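Peer 1:
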Amino acid sequence: MYGFASYLSERLGNEPWENLVTSKIFDRLGMTSSTFITTMADLSGAAQGYDKGPKSKPKAVVPVPLELSKKWGIWAGSGAIMSNAVDMAKYMNFHLSNTDKNGNEFMTTANFNALHQQHRKLSSTTVNTHFGNEEVPTTENGYGLGWKRGLYRNNENLLHAGSTYGYRSFITLFPSQNIGVFTSMNGEDDDYILRILLHNFLSDVALGVTPWLDASSICDRLTAPKYTGYSNTNNPQRPITEYIGLYVNPIYGNLNVEFDPNNEHLVLRYGVATWDFWTKSGKDQFKAEGTGMIRYLKNMHSFTFLTNENDGIVSVRVDSFCSTCGNDPPIFHKVV
18 MYGFASYLSE RLGNEPWENL VTSKIFDRLG MTSSTFITTM ADLSGAAQGY
68 DKGPKSKPKA VVPVPLELSK KWGIWAGSGA IMSNAVDMAK YMNFHLSNTD
118 KNGNEFMTTA NFNALHQQHR KLSSTTVNTH FGNEEVPTTE NGYGLGWKRG
168 LYRNNENLLH AGSTYGYRSF ITLFPSQNIG VFTSMNGEDD DYILRILLHN
218 FLSDVALGVT PWLDASSICD RLTAPKYTGY SNTNNPQRPI TEYIGLYVNP
268 IYGNLNVEFD PNNEHLVLRY GVATWDFWTK SGKDQFKAEG TGMIRYLKNM
318 HSFTFLTNEN DGIVSVRVDS FCSTCGNDPP IFHKVV
């Protein structure tokens with residue numbers, strides 16, 4: 018969604034997304050320390066990101082290569098911005114006041130209100146599942162333009178989470194109280210558990226109420242990181258050469274299935290990433306385990322090669338590509 022929005026902004030603005038964000042947002046808000054991982058040549062000052070460790074060390078974490086972060090930044094609005102707490106305070110102030118760095122109106126009142134008003138009703142969300150019945154509930158009930166609307170201690174708030182390999186961020190805004198909370202961490206946080214707990218504590222401090230959480234109770238609610246590894250079963254039920262080829266989808270692009278002669282098994286290449294391809298129990302069914310710069314970071318559990326009436330492979334269905342596609346996962350058609 019954010020990648021597509023970035024693409025549309027470039028088409029409408031006739032400039033690279035990074036230039037538009039700089040001139041339309043960073044410059045007007047005085048966010049002088051914010052930049053983009055896609056254009057930043059020297060990343061030596063960037064915080065090292067970490068993610069889940071291997072199955073053999075379930076409490077360990079592994080560093081995420083900055084090379085991966087830089088390449089992942091091609092999604093632009095979904096993970097390319099590099100900023101700090103000072104600049105994010107300026108960004109939050111805009112969302113609380115609709116003013117620029119000089120105190121002037123940033124955009125029309127109608128457009129500003131459209132950012133935060135509910136455009137879609139929410140009921141079942143990750144936050145509602147984990148925190149809707151807590152001692153002090155946090156709930157989400159609507160979705161604006163990138164912002165979830167919710168309640169905490171009967172105060173209306175706006176929530177936005179950001180997650181990419183090795184990094185997690187979160188913003189909580191209380192417009193009526195003119196309060197904003199921003200945190201960013203260089204580690205994993207499945208289901209926003211730590212971020213919500215931390216923001217509950219910080220929000221209580223900012224709201225001037227006695228926090229219902231402390232360091233001990235927050236730690237008690239956290240789940241130890243887990244990594245699900247894959248057994249390296251390599252027993253295809255047809256000649257391995259029949260799987261090899263280029264597979265194309267008009268939306269998701271190209272994926273290549275190749276043979277690794279050094280390790281004598283199939284590999285999957287998609288974009289800048291590579292996976293080892295292991296067979297499952299069903300015929301023409303595979304699972305993929307990340308290698309190289311995405312090792313431990315992204316596994317995919319379900320690939321099914323589809324055949325024609327002559328039992329020749331013509332396409333591959335990738336159930337793991339889209340968690341919201343239901344019974345209509347993307348299919349890549351074999352062209353070579």
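Note that our numbering gives residue 223 to position 206 of the sequence shown, counting from 1, and the numbers run on in steps of one. Don't be surprised by glycine CBs; every beta carbon is placed ideally from N, CA and C. Since this is a predicted model, take the numbers as computed values, not measurements.
1) What number of angstroms, rounded off, separates the C-alpha of Leu272 from the C-alpha of Leu162?
2) Does DSSP put Phe367 in a helix, a strand or coil?
3) Give the straight-line distance between the Cα atoms of Leu29 and Met310, rounded to the nearest whole angstrom.
4) On the criterion of 16 or more Cβ atoms from any shown chain inside 10 Å, does Leu239 qualify as buried, or is it exposed?
5) Return the CA-CA distance between Met57 and Gln65, expressed in angstroms with no decimal places.
6) Got a sec? Which residues, its chain only, sit under 6 Å from Ala178 by beta carbon, not counting five neighbours each side?
7) Give the list of continuous beta strand (DSSP E) stretches no shorter than 3 residues that lie fully inside the region 245-302.
8) If you drop the 5 nearest sequence neighbours on each side, which residues of the same chain put their C-beta closer than 8 Å to that of Thr55?
9) Closest by CA to Val79, which one among Gly204, Asn344, Asn266 and Leu283?
10) Whether or not the region 41-53 and the region 101-108 are in contact is what I'm after, with contact meaning three or more pairs of Cβ atoms, one per stretch, closer than 8 Å; do they touch?
11) Would the region 114-132 count as touching the region 142-149 if we require 3 or more Cβ pairs under 8 Å?
12) Measure the alpha-carbon distance for Ile354 versus Asn171 and round it to whole angstroms.
13) Is it the case that the CB of Tyr264 approaches a heavy atom of the ligand SAM more closely than 6 Å?
14) Can you tell me whether Pro228 is helix, strand or coil according to DSSP?
15) Nearest-angstrom Cα distance between Gln134 and Ala127?
16) What residue from Val274, Thr308, Phe148 and Leu215 has the CA that sits closest to Gly262's CA?
17) Can you list, in chain order, the stretches of the beta strand (DSSP E) that have 3 or more residues and sit fully within the region 301-331?
18) By DSSP, does Met57 sit in helix, in strand, or in coil?
19) Is the CB of Asp345 under 7 Å away from at least one CB in chain E?
20) Note the first and the last residue of the continuous beta strand (DSSP E) segment covering Leu190.
Peer 2: In short:
1) Mapped onto the sequence shown, residue 272 falls at position 255. Mapped onto the sequence shown, residue 162 falls at position 145. Roughly 32 Å between the two C-alpha positions.
2) The first residue shown for the chain is 18 and the last is 353, placing residue 367 beyond what the model contains.
3) Translated into the one-based positions of the sequence shown, residue 29 becomes position 12. Translated into the one-based positions of the sequence shown, residue 310 becomes position 293. About 34 Å.
4) In the sequence shown, the residue the question calls residue 239 occupies position 222. It is exposed - the Cβ of Leu239 has fewer than 16 other Cβ atoms within 10 Å.
5) Counted from its first residue, the sequence shown places residue 57 at position 40. Counted from its first residue, the sequence shown places residue 65 at position 48. If you take the alpha carbons of Met57 and Gln65, they lie about 15 Å apart.
6) As a working note, residue 178 is residue 161 in the sequence shown. Phe187 and Tyr209, listed in sequence order.
7) 262-266, 270-277, 282-287 and 290-296
8) Within the sequence shown, the letter at position 38 stands for residue 55. Glu35, Lys87, Gly90, Ile91, Ala93 and Ala97, listed in sequence order.
9) Locating residue 79 in the sequence shown gives position 62, where the first residue counts as 1. Comparing Cα-Cα distances from Val79 to each of Gly204, Asn344, Asn266 and Leu283, the minimum goes to Gly204.
10) yes
11) no
12) Outside the shown range of the chain (18 to 353) lies residue 354, about which nothing can therefore be said.
13) Judged by which ligands are present, the structure shown has none, so any question about the ligand SAM falls away.
14) If you number the sequence shown from 1, residue 228 lands on position 211. Coil.
15) Locating residue 134 in the sequence shown gives position 117, where the first residue counts as 1. Locating residue 127 in the sequence shown gives position 110, where the first residue counts as 1. Going by the C-alpha atoms only, they are around 10 Å apart.
16) The residue you call residue 262 lines up with position 245 of the sequence shown. Among Val274, Thr308, Phe148 and Leu215, the Cα nearest to that of Gly262 is on Val274.
17) 302-308 and 317-324
18) In the sequence shown, residue 57 corresponds to position 40, counting from 1. In the structure shown, Met57 sits in coil (DSSP, three-state: anything other than H, G, I, E or B).
19) The question asks about chain E, but that chain is absent: this structure has only one protein chain.
20) Mapped onto the sequence shown, residue 190 falls at position 173. Leu190 -> beta strand (DSSP E) spans Tyr184 to Phe191.
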